[in-house]
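Peer 1:
Number of protein chains: 2
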Amino acid sequence: MNNFIFQNPTKIIFGKGTEKLAGAETKKYADKILLHYGGGSIKKTGLYDTVVKSLKEAGVEFLELSGVQPNPRLSLVQQGIEICRKEGIRFILAVGGGSVIDSAKAIAVGVPYEGNVWDFYTGKAEVKEALPVGVVLTIPAAGSESSPSSVITNEDGWYKRGLTTDHIFPKFGILNPELTYTLPNYQTACGVADIMAHIMERYFTNTNDVELTDRLCEAGMKTLINNAPKALANPQDYSARAEIMWTSTVAHNNLFGTGREEDWASHDIEHEISGIYDIAHGAGLAIVFPAWMKYVYKQDVQRFAQFAVRVWDVDYNFFNPEETALKGIEKLKEFFSSLGLPVSLKDAEIDDSRLEEMADKCTASDTKTVGSFVKLNKQAVYDILTLAK
Amino acid sequence: MNNFIFQNPTKIIFGKGTEKLAGAETKKYADKILLHYGGGSIKKTGLYDTVVKSLKEAGVEFLELSGVQPNPRLSLVQQGIEICRKEGIRFILAVGGGSVIDSAKAIAVGVPYEGNVWDFYTGKAEVKEALPVGVVLTIPAAGSESSPSSVITNEDGWYKRGLTTDHIFPKFGILNPELTYTLPNYQTACGVADIMAHIMERYFTNTNDVELTDRLCEAGMKTLINNAPKALANPQDYSARAEIMWTSTVAHNNLFGTGREEDWASHDIEHEISGIYDIAHGAGLAIVFPAWMKYVYKQDVQRFAQFAVRVWDVDYNFFNPEETALKGIEKLKEFFSSLGLPVSLKDAEIDDSRLEEMADKCTASDTKTVGSFVKLNKQAVYDILTLAK
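What follows is the structure in structure tokens.
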């Protein structure tokens, strides 16, 4: 087990009706805020009205910035920064999924910074301070409600880049599983793939002696595998929705990665796909992860066999562990397929004309590698994309 | 799953050599502190010197209060409160195990309170503020390094009572598994029993639909079961020590209890035993828990069967689940025994002369019940103590 520091200060408020607490929680931080959300879905479901009522009852004044898209854009972030500066706003309430939260976090770090906020995403500058952010979550997927991360897409060149800094842990995350009843099945499935991926990025590690976190990861994955089909079959199954929602947060609050090297190559590769083709991040991960696994599993056949046995209940083949390992990968692919997700670029109607371009961007023209379980150069990323065809 | 709020702000600094960071972490909160510890063991091992050096290097002035005993006493707490008031001290650094930390927390809530600090432990007063506390942990057991709880024994009547308040989450917990190499095996075993108990108090619940937390609990228990024998066989097995230490914290940082009713009857009953007989808390739990289980398992045979199958790898008897449930309880008892712990009052050389007195104190003369999986009145507690004979 490696040395580590673990701290996650976000207050999680979980359960039925909890969105009504948004105003009171917000009031602890500010009297005037930016209410940040996506399209019209929160107006259709009535969530917008509930949150607005709760803000008014708490005496919180708000300005609105809507229009956050999946793969949230830098241009809207810059608009948000301007509004906050002009209006003296010191708190952002994000109502939505990972894209809205990530956009809110980007505004939060951008407001007190004199340069271009994109500097933080390219590593050109380091975050020193940020406005506080609160969250009412509508999509369990990104884990951004209690993570120190934000991913933004720069339309100028379609670069999708991530930022991680302790300054952007949300102050609170309000999680009501009922708010996810109206998610289309495809979006629920994409969320599940994203959560699985957050766990698998941590699970496949070269660090030895990580029994507790291995088992915690397995607990999260088994819970998802059991509950995702229930939520798709009956979107109003509270219990299934609650299991998925709580798993999404725990999967990405850093606990599962304590003491171990994490990988994140599949996320890096997926960012190039959804950066160019604008498909859902979860769908991209369902395509990339099985291909990545096939490319790297020989690095640690026993770890992949453990994944197959403990997570997928595959019988261990004592005389051919590699067969067990491969069965686990196949099970994962079948699971994603059963949820209605693409598991190849072809399934997502992406041809092979830009594989080289994606491999090139992902590795900054072969000047850096991605991942740590196996360090992947441009050719390796290209080969994985080819396996994903 | 029940509605819940989850927040745990403690910063965990885990791994080899981390005790050297005690000074720098402390300096963030205060220039003058109370250094609180137990007997001479931290002087023998050299930990005292390391911490003192690190405090001096960070420019932190300190006064010392040593002498914390297992089942920490109210009288020493009151001494600590006086010192802090007189010397204007605003931070307490606890170096030790759960007893030292709990004692430090009691001092921390007592300093700013005008009444008797025991009021907080009897429920007569509510904590409104507390001094910040930091921890260098030497015994993985109580989980107090990142919990909002403290248990103190009042020598006047030998009452052992607990306090839970968000004000006493430690600011930081420094956890170096190497510091546990010198623990006597019996103390390691007592710690493991305490950690198991913290998980089991949460695991045995009447709340339905708690799959993620069930599985997280099972992950923790399996990790303990695998690593405790290794640590006893080879006290310098870093990996086993690290798994036990990290499990001890995660087991009691509230995550495993999210969304579920917890029990805590076994802790309440045990407090009466160790309050009177001054045996180690973990040893008392190893005695009480199997007896409690035998008394309550019919409340939910399937939950006890799940415990047997998933935690102890017992084969499920589809035609007689009760047999499976009982096998799980037997396995737990065998495990505690194999660690060298008492599993009956007789093993601990406690006769049956004061069972009635303990049952009486535990239930405030039969005016309240303990536990929630099954609510236990005085007679029920007496019956459990009788089963533990």
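Protein chains in written order, with my numbering: chain U, 634 to 1022; chain C, 634 to 1022.
Where a beta carbon is used, it is the ideal one built from N, C-alpha and C, also for glycine.
It should be emphasised that the depicted structure is a prediction, and the values quoted were computed from it without experimental measurement.
In chain order, what are the residue ranges of uninterrupted alpha helix (DSSP H) at least 4 long that sit wholly in the region 675–753 of chain U?
Peer 2: 680–690, 707–720 and 731–743
Peer 1: Is F647 of chain C near G892 of chain U, with beta carbons less than 8 angstroms apart?
Peer 2: For this step, residue 647 of chain C is matched to residue 14 along the second sequence. For this step, residue 892 of chain U is matched to residue 259 along the first sequence. A contact, by the Cβ cut-off of 8 angstroms.
Peer 1: So if DSSP puts Y670 of chain U in a beta bridge, which residue, or which two residues, is it bridged to?
Peer 2: By 1-based counting over the first sequence, the position of residue 670 of chain U is 37. Per the DSSP secondary-structure output, Y670 of chain U pairs in a beta bridge with U:V728.
Peer 1: Where do the N-terminal and C-terminal ends of the alpha helix (DSSP H) with Q640 of chain U fall, by residue?
Peer 2: Walking along the first sequence from the start, residue 640 of chain U turns up at place 7. No alpha helix (DSSP H) holds Q640 of chain U; the beta strand (DSSP E) holding it covers F637 to F647.
Peer 1: Among the residues of its own chain, which have a CB less than 7 angstroms from the CB of A741 of chain U, if the five just before and after it don't count?
Peer 2: Numbered from 1 along the first sequence, position 108 holds the residue referred to as residue 741 of chain U. Excluding residues within five positions, the ones whose Cβ falls inside 7 angstroms are I725, A763, L764, V766 and I801.
Peer 1: Assuming R723 of chain U and A663 of chain U are in contact, meaning their beta carbons sit under 8 angstroms apart, how far apart are those beta carbons, in whole angstroms?
Peer 2: For the purposes of this step, residue 723 of chain U is taken as residue 90 along the first sequence, with counting starting at 1. For the purposes of this step, residue 663 of chain U is taken as residue 30 along the first sequence, with counting starting at 1. With a Cβ gap of about 5 angstroms, R723 of chain U and A663 of chain U count as contacting.
Peer 1: Report yes if the CB atom of S687 of chain U is closer than 8 angstroms to the CB atom of K665 of chain U, and no otherwise.
Peer 2: Locating residue 687 of chain U in the first sequence gives position 54, where the first residue counts as 1. Locating residue 665 of chain U in the first sequence gives position 32, where the first residue counts as 1. Going by C-beta atoms, S687 of chain U is not nearer than 8 angstroms to K665 of chain U.
Peer 1: With H, G and I counted as helix, E and B as strand and the rest as coil, what does DSSP make of S907 of chain C?
Peer 2: The sequence position of residue 907 of chain C within the second sequence is 274, counting from 1. It is helical.
Peer 1: Could you confirm whether any beta carbon from chain U is found closer than 8 angstroms to the beta carbon of Q935 of chain C?
Peer 2: Position 302 of the second sequence holds residue 935 of chain C. So, not an interface residue.
Peer 1: Can you check DSSP and say which residues form a bridge with S782 of chain U?
Peer 2: Taking the first sequence and counting its residues from 1, one reaches residue 782 of chain U at position 149. Answer by DSSP bridge pairing, in chain order: U:T797.
Peer 1: In chain order, what are the residue ranges of uninterrupted beta strand (DSSP E) at least 3 long that sit wholly in the region 815–861 of chain U?
Peer 2: none
Peer 1: For T797 of chain C, count neighbouring C-beta atoms within 10 Å of its own C-beta (all shown protein chains included) and say buried if the count is 16 or more, exposed if not.
Peer 2: As a first step, residue 797 of chain C must be located in the second sequence, where it is residue number 164. Classification of T797 of chain C: exposed, given that the 10 Å Cβ count is below 16.
Peer 1: In chain order, what residues of the region 882–905 of chain U put their CB closer than 8 angstroms to some CB of chain C?
Peer 2: V883, L888, T891 and G892
Peer 1: Alpha carbon to alpha carbon, how far is L1009 of chain U from S970 of chain U? Give it in angstroms, no decimals.
Peer 2: Stepping through the first sequence from its first residue, residue 970 of chain U is reached at position 337. Stepping through the first sequence from its first residue, residue 1009 of chain U is reached at position 376. Near 26 angstroms, if we compare the C-alpha coordinates of L1009 of chain U and S970 of chain U.
Peer 1: Helix or strand or just coil, what does DSSP make of Y792 of chain U?
Peer 2: For the purposes of this step, residue 792 of chain U is taken as the residue at position 159 of the first sequence. The answer is strand: DSSP assigns Y792 of chain U an E or B state.
Peer 1: When you compare the CB of P642 of chain U with every CB in chain C, is at least one pair closer than 8 angstroms?
Peer 2: As a position in the first sequence, residue 642 of chain U is number 9, starting the count at 1. Yes, contact with chain C.
Peer 1: Give the secondary structure of G806 of chain C by DSSP, where H, G and I count as helix, E and B as strand, and everything else as coil.
Peer 2: In the second sequence, residue 806 of chain C corresponds to position 173, counting from 1. Looking at G806 of chain C - three-state DSSP - the assignment turns out to be strand.
Peer 1: Closest to T786 of chain U by C-alpha separation, out of U:T882, U:D911 and U:P975, would be which residue?
Peer 2: Looking up residue 786 of chain U in the first sequence gives position 153. Residue U:D911 is the option with its Cα nearest to T786 of chain U.
Peer 1: Does DSSP classify L865 of chain C as helix, strand or coil?
Peer 2: For the purposes of this step, residue 865 of chain C is taken as residue 232 along the second sequence, with counting starting at 1. Residue state, collapsed to three classes: helix.
Peer 1: Below 9 angstroms on C-beta distance, what does I645 of chain C contact in chain U?
Peer 2: Taking the second sequence and counting its residues from 1, the one referred to as residue 645 of chain C is at position 12. In chain order: F637, I638, F639, Q640 and T891.
Peer 1: Within a Cβ cutoff of 7 angstroms, which residues of the same chain sit near V883 of chain U, ignoring the five residues on either side of it in sequence?
Peer 2: Taking the first residue of the first sequence as 1, we reach residue 883 of chain U at position 250. These residues qualify, in order along the chain: G853.
Peer 1: My understanding is that H900 of chain C touches A981 of chain C, with C-beta atoms under 8 angstroms, so please give their C-beta distance in whole angstroms.
Peer 2: The residue you call residue 900 of chain C lines up with position 267 of the second sequence. The residue you call residue 981 of chain C lines up with position 348 of the second sequence. Your pair H900 of chain C and A981 of chain C does not check out as a contact, with CB atoms roughly 17 angstroms apart and the cut at 8 angstroms.
Peer 1: Would you say V693 of chain U and T659 of chain U are within 8 angstroms of each other, going by their C-beta atoms?
Peer 2: For the purposes of this step, residue 693 of chain U is identified with residue 60 of the first sequence, where counting begins at 1. For the purposes of this step, residue 659 of chain U is identified with residue 26 of the first sequence, where counting begins at 1. Yes, these two residues count as a Cβ contact at 8 angstroms.
Peer 1: For S872 of chain U and E834 of chain U, I'd like the C-alpha separation in whole angstroms.
Peer 2: Taking the first sequence and counting its residues from 1, the one referred to as residue 872 of chain U is at position 239. Taking the first sequence and counting its residues from 1, the one referred to as residue 834 of chain U is at position 201. In a straight line, the C-alpha of S872 of chain U is about 26 angstroms away from that of E834 of chain U.
Peer 1: Give me the Cα-Cα distance between Y928 of chain U and D870 of chain C, rounded to the nearest whole angstrom.
Peer 2: Taking the first sequence and counting its residues from 1, the one referred to as residue 928 of chain U is at position 295. Taking the second sequence and counting its residues from 1, the one referred to as residue 870 of chain C is at position 237. Rounded to whole angstroms, Y928 of chain U to D870 of chain C spans 34 angstroms at the Cα level.
Peer 1: How would you label D896 of chain C, buried or exposed, when you count the other beta carbons within 10 angstroms and need 16 or more for buried?
Peer 2: Sequence index remark: in the second sequence, residue 896 of chain C carries index 263 (1-based). Here D896 of chain C is buried, its C-beta having at least 16 other C-beta atoms within 10 Å.
Peer 1: For K665 of chain C, name the three-state secondary structure that DSSP assigns.
Peer 2: Position 32 of the second sequence holds residue 665 of chain C. Note: K665 of chain C maps to strand in three-state DSSP.
Peer 1: Could you round the C-beta distance between G890 of chain U and E903 of chain U to whole angstroms and report it? I think they count as a contact, below 8 angstroms.
Peer 2: Looking up residue 890 of chain U in the first sequence gives position 257. Looking up residue 903 of chain U in the first sequence gives position 270. Wrong, their Cβ atoms sit about 18 angstroms apart, outside the cutoff.
Peer 1: Spell out whether any CB of chain U is found under 8 angstroms from the CB atom of N860 of chain C.
Peer 2: Counting from one through the second sequence, the residue named residue 860 of chain C turns up at place 227. Closer than 8 angstroms: yes.
Peer 1: Using beta-carbon positions only, say whether V728 of chain C and Y670 of chain C come within less than 8 angstroms of one another.
Peer 2: By one-based count along the second sequence, residue 728 of chain C stands at place 95. By one-based count along the second sequence, residue 670 of chain C stands at place 37. Going by C-beta atoms, V728 of chain C is nearer than 8 angstroms to Y670 of chain C.
Peer 1: Based on DSSP bridge pairs, tell me the residues matched to N950 of chain C.
Peer 2: Here residue 950 of chain C corresponds to residue number 317 of the second sequence, with the count starting at 1. Partner(s): none; N950 of chain C has no beta bridge.
Peer 1: Determine, for L812 of chain C, whether the minimum Cβ-Cβ distance to residues of chain U falls below 8 angstroms.
Peer 2: Numbered from its first residue, the second sequence carries residue 812 of chain C at position 179. Not one chain U Cβ lies under 8 angstroms of L812 of chain C.
Peer 1: Say whether the region 977–992 of chain C touches the region 1010–1019 of chain C, bearing in mind that this needs 3 or more beta-carbon pairs closer than 8 angstroms, one atom from each stretch.
Peer 2: yes
Peer 1: Say the cut is 7 angstroms; is the CB of N818 of chain C nearer than that to a heavy atom of the ligand FAD?
Peer 2: Inclusion of the ligand FAD in the displayed structure is not the case, the ligand content being empty and no account of it being possible.
Peer 1: Going by C-alpha to C-alpha distance, which of U:V1003, U:P868 and U:E747 sits closest to R718 of chain U?
Peer 2: The sequence position of residue 718 of chain U within the first sequence is 85, counting from 1. Checking every option, the nearest Cα to that of R718 of chain U belongs to U:E747.
Peer 1: Closer than 7 angstroms by beta-carbon distance: list the chain C residues that pair up with T996 of chain U, in chain order.
Peer 2: Start at 1 with the first residue of the first sequence, and residue 996 of chain U comes out as number 363. Residues of chain C passing the Cβ test: none, with the nearest at roughly 32 angstroms.
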